[in-house]
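Structure record follows, encoded as structure tokens.
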Amino acid sequence: MDESRPTPATPPAVLADHAERMEKLLDRLLSPQTLCDEIARPERLRAAMAHGLLGGGKRLRPFLVEQSAALFHANTDAVLRVGAALECVHCYSLIHDDLPAMDDDDLRRGRPTVHRAFDEATAILAGDALLTLAFDIVSSDETDLPPTRKLALVAGLSRAAGIGGMVGGQMRDLEAEKTDRPLAIRDIEMLQSMKTGALLRYACEAGAIAAGASGDERARLRRFGEIVGLSFQLADDLLDLTSDTATTGKATGKDAAANKATLPSLHGIDWTTARLRDLVVEATDLLDPFGSKADILVQTARYIAFRDR
Numbered sequence: 488m489d490e491s492r493p494t495p496a497t498p499p500a501v502l503a504d505h506a507e508r509m510e511k512l513l514d515r516l517l518s519p520q521t522l523c524d525e526i527a528r529p530e531r532l533r534a535a536m537a538h539g540l541l542g543g544g545k546r547l548r549p550f551l552v553e554q555s556a557a558l559f560h561a562n563t564d565a566v567l568r569v570g571a572a573l574e575c576v577h578c579y580s581l582i583h584d585d586l587p588a589m590d591d592d593d594l595r596r597g598r599p600t601v602h603r604a605f606d607e608a609t610a611i612l613a614g615d616a617l618l619t620l621a622f623d624i625v626s627s628d629e630t631d632l633p634p635t636r637k638l639a640l641v642a643g644l645s646r647a648a649g650i651g652g653m654v655g656g657q658m659r660d661l662e663a664e665k666t667d668r669p670l671a672i673r674d675i676e677m678l679q680s681m682k683t684g685a686l687l688r689y690a691c692e693a694g695a696i697a698a699g700a701s702g703d704e705r706a707r708l709r710r711f712g713e714i715v716g717l718s719f720q721l722a723d724d725l726l727d728l729t730s731d732t733a734t735t736g737k738a739t740g741k742d743a744a745a746n747k748a749t750l751p752s753l754h755g756i757d758w759t760t761a762r763l764r765d766l767v768v769e770a771t772d773l774l775d776p777f778g779s780k781a782d783i784l785v786q787t788a789r790y791i792a793f794r795d796r
């Protein structure tokens, strides 16, 4: 990357601006008012969905959708809605992951998890409803994109979130906790590329899809998303080793307590830090053809790799 390029606004500041706009849209999408063909919106369910969706989070995945689409000057309102759909999927997964049958967490974003604030059955239904809402948002007439792009976005989100992506990764994670044999490094990498990486990869490609980018441009952003996904998980696992609950807003040290193998626990902090640096370089090189338009994405890759929460 050309080091003479101007330095953009720091990612936390840009993320905060985007998060505020995303919060307002998500709040509108969870309005008590029913939509066409809906019968009623039970208030307790809506409140549980709001607890899991609103009031916190970096909104990183929709931010990546927006910034990837910005490379091609896409329809910003439509792109924001695509990002909102992706955030609904992400937050549904957090609600379900926190359940006693899975990760059994009491704290998320510094607040009680949904099943603690409400109850387990309501938390399950809130997650189900958020997942369904995501596809409603993308397919809605209000998401002003050509039908072929909407179809590609729905297909991509389905596969990133489903058996071959995030949900499949969670299944592998649960299986790994029940085996006495430590996972091989390649198995850890595959698990993480599914559970965490699939939605981040989709976020970067979704912006290109929404913008009608070329196949080569989509592939470049897809690979960028894969790198971001790996960086995110490495940084997350590193924080689990080195940070505390007050900083991250969620429980730390759980991987070690569960004897769960991660790449940082196997290779150490120095290896992980060096690997994160290499990934940032690769991500930067991938975006070089986009010139200065990609500066915020480059800065975001660095932020993801070396964040403190």
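Numbered per my numbering, the sequence shown finishes at 796, counting up by one with no gaps. Glycine residues also receive a C-beta, built at the ideal position from the N, C-alpha and C atoms.
Ranking 511, 670, 551 and 677 by CA distance to the CA of residue 694 puts 551 first. Under a 10 Å Cβ-count criterion, residue 509 is classified as buried, with 16 or more other Cβ atoms of the shown protein chains found around its own Cβ. If you look at residue 691, you'll find it in the alpha helix (DSSP H) that goes 685-698. By the Cβ-count criterion, residue 580 is buried, with 16 or more other Cβ atoms from all chains shown falling within 10 Å of its own Cβ. CA-to-CA, the gap between residue 620 and residue 672 works out to about 36 Å. From the listed residues 714, 520 and 726, the smallest Cα separation to residue 789 is found for 714. Non-local C-beta neighbours of residue 538 in its own chain, meaning closer than 6 Å and more than five positions away in sequence, comprise 601 and 604, ordered along the chain. Cβ neighbours of residue 659 within its own chain (closer than 6 Å, five residues either side excluded): 678. The C-beta of residue 652 has 16 or more other C-beta atoms within 10 Å across all chains shown, which makes the residue buried.
For the 8 Å CB-CB criterion, residue 717 and residue 691 do not form a contact. In the assembly as shown, residue 635 is an exposed residue. Its beta-carbon has fewer than 16 other beta-carbons within 10 Å.
Within a 10 Å sphere around the beta-carbon of residue 503 sit fewer than 16 other beta-carbons, which makes this residue exposed. Per the C-alpha coordinates, the member of 778, 761, 759 and 617 positioned closest to residue 517 is 617. According to the DSSP secondary-structure assignment, residue 598 is paired through a beta bridge with 595. Using a C-beta cut-off of 8 Å, the region 540-556 makes contact with the region 564-572, since at least three inter-stretch Cβ pairs fall below that distance. Taking C-beta atoms as the reference points, residue 724 and residue 760 fail to come closer than 8 Å.
Residue 780: not part of any alpha helix (DSSP H); DSSP gives it neither H nor E.
Shown here, residue 523 sits in coil according to DSSP, grouped into three states, outside any helix or strand. Going by DSSP, residue 722 is part of the alpha helix (DSSP H) stretching over 702-729. In summary, residue 574 is buried, with 16 or more beta-carbon neighbours lying within 10 Å of its beta-carbon over all protein chains present. Bounds of the alpha helix (DSSP H) holding residue 644 are 634-648. Each of 787, 561 and 507 was checked against the Cα of residue 687, and the nearest Cα belongs to 787. Residue state for residue 545 is assigned as coil, using DSSP reduced to three classes. DSSP places residue 560 in the coil class of the three-state scheme, outside both helix and strand. The beta-carbon distance between residue 770 and residue 711, rounded to whole angstroms, is 6 Å. This is short enough to meet the 8 Å contact definition. The Cβ atoms of residue 722 and residue 794 lie closer than 8 Å to each other.
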